[in-house]
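Everything in the sequence shown is counted per the working numbering, starting at 75 for the first residue and increasing by one.
All residues carry an ideal CB built from backbone N, CA and C; glycine is no exception.
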Amino acid sequence: MTRVLSYQAVLATPLGRIGLRMAGEALSALDYLPATTPEQPPADAATAAVVAQLAAYFRDPQHRFSVPLALSGTAFQQRVWAALQAIPPGTVLCYGELAQQLGSAARAIGGACRGNPVPILIPCHRVVSQQGLGGYAGAVTGDPLAIKRWLLRHEGVIWPPA
75 MTRVLSYQAV LATPLGRIGL RMAGEALSAL DYLPATTPEQ PPADAATAAV VAQLAAYFRD
135 PQHRFSVPLA LSGTAFQQRV WAALQAIPPG TVLCYGELAQ QLGSAARAIG GACRGNPVPI
195 LIPCHRVVSQ QGLGGYAGAV TGDPLAIKRW LLRHEGVIWP PA
């Protein structure tokens, strides 16, 4: 049986279709969707506010999000996600650097990034490998890496540096 997720909005972005799921007034998930997914206007004012902030980010990569989030995750994931939100646009940290800051292992940081329910707003794209981009949304090749590369370039980062 196929599980159908309901979204409070589906929007077209430079990255393709994005679905937003809300928990009351707070964003609980941002999902990358197939290009064939029909757009869906925001279901309510809280969702419309998230859509407006995403539009602001796509216009200005320096935009800082102020969206209420409803995140489910372990205490460690919550710590990593908070640290990710402190990385300014246009800046990257290597997995090992973030791991050192948090007293953890680089692989554990990657796992927390992979579990991030709201990419872009919690900017796991700003964490990279010393040898290259690293992964994104659990992938090391394909469309997810193209999304990570686009987000970094949008913020003025070319990685790895020449």
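The Cβ neighbour count for T121, taken over all protein chains shown within 10 Å, is at least 16; the residue is labelled buried. Closest in C-alpha terms to K222, from the list Y106, L94, L172, comes Y106. One Cα belongs to Y210, the other to Q204, and the distance between them is close to 15 Å. By the criterion of a C-beta distance shorter than 7 Å, M96 is surrounded in its chain by Q82, S102, A120, T121, once the five residues flanking it on both sides are discounted. Put simply, the segment 108-117 does not touch the segment 145-164. Fewer than three CB pairs are less than 8 Å apart. Ranked by how close their Cα comes to the Cα of L79, the residues L94, R188, L85, A156 have L94 in first place. Within the model, the alpha-carbon separation for V154 versus A130 is close to 25 Å. I183 is classed as buried because its beta carbon has at least 16 other beta carbons within 10 Å across all chains shown. Each residue's CA atom was taken as its position, placing L167 and L195 some 16 Å apart. The three-state reading of DSSP puts I161 in coil, since its state is none of H, G, I, E or B. Counted as a single uninterrupted DSSP element, the alpha helix (DSSP H) harbouring Y169 occupies residues 169-176.
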